[in-house]
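Following: one structure in structure tokens, then a few remarks.
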Amino acid sequence: MSFEQNIQLDDGEIRLHFTAKEVDLSKNGWGTNYNYDIKIKDNCVGRCELRLGSGATIDLIGHVGYLVHLPYRGHHYAAKACLLLFKQAKAFGIMGVLLTCNTDNIASFRTCELLGASFIGTKEVPVDHELYLRGDREKALFIKRLD
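Add 709 to the 1-based position in the sequence shown for our numbering, that's all there is to it.
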């Protein structure tokens with residue numbers, strides 16, 4: 710069993726089920742991603758990922774990503790999943806996690822605040838970046854210290 714599958718990521722309400730490890734080591738790539746389903750009992754309520762790396766894309770997407778399926782929103786599952794991902798990040802020796810969201814995404818902005826992350830500013834998405842082609846224009850940046 711690999712390291713990423715050995716970490717217990719369960720808070721008694723939700724658990725993160727490891728699904729895949731993806732690697733993009735290109736200069737401005739996504740880095741190494743650890744992907745998880747967010748589960749309550751046997752129901753998948755969303756997904757999340759921990760991204761290890763640095764560079765232009767990580768500066769826009771952050772070290773953590775999450776999506777909670779529509780019927781399950783409003784229960785802070787994204788924040789709970791992030792807290793478990795922080796446990797994983799610490800196991801990798803990461804002491805500061807960059808979180809980002811689109812500036813018009815009020816729910817994700819609030820999730821970052823609930824996590825105790827500090828708002829550090831905004832950043833425009835370059836017009837030649839794939840995120841711009843997806844419709845992203847500006848990112849709000851937060852940092853969460855894990856000490």
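We put the CB at the ideal spot given by N, CA and C, even for glycine.
A826 to D751, Cα distance in whole Å? 30 Å
Buried versus exposed call for R854 [16 or more other C-beta atoms within 10 Å across all chains shown]: exposed
Check whether the Cβ atoms of W705 and D733 lie closer than 8 Å to each other. Residue 705 cannot be examined here, being either before or after the span of the chain that is shown, 710 to 856.
Suppose the cutoff is 6 Å on Cβ atoms and the five residues either side in sequence are ignored; what does the same chain contact list for F828 look like? F851
Any contact of the region 829–847 with the region 795–806, i.e. 3+ C-beta pairs under 8 Å? no
Considering only C-alpha positions, which residue in the set N811, R843 and V773 is nearest to L793? V773
Alpha carbon to alpha carbon, how far is R846 from I767? 15 Å
Short of 6 Å in beta carbon distance, which residues of its chain neighbour C821, apart from the five on each side in sequence? Order them along the chain. L808 and F851
Going along the chain, which residues of its own chain have a beta-carbon closer than 7 Å to the beta-carbon of K789, five neighbours each way excluded? D720, E722 and I723
Could you tell me which of C753, L725, I803 and Y841 sits nearest to R760, measuring between CA atoms? I803
Through-space distance from S735 to L769, alpha-carbon basis: 15 Å
Excluding the five sequence neighbours on either side, which residues of its own chain have a C-beta within less than 8 Å of the C-beta of H785, listed in chain order? T820 and L823
Between the CA atoms of V754 and E815 - distance to the nearest angstrom: According to the sequence shown, residue 815 is Ile rather than Glu. Each residue's Cα considered, the two are about 20 Å apart.
Measuring straight from C-alpha to C-alpha, what distance separates Y775 and G762? 17 Å
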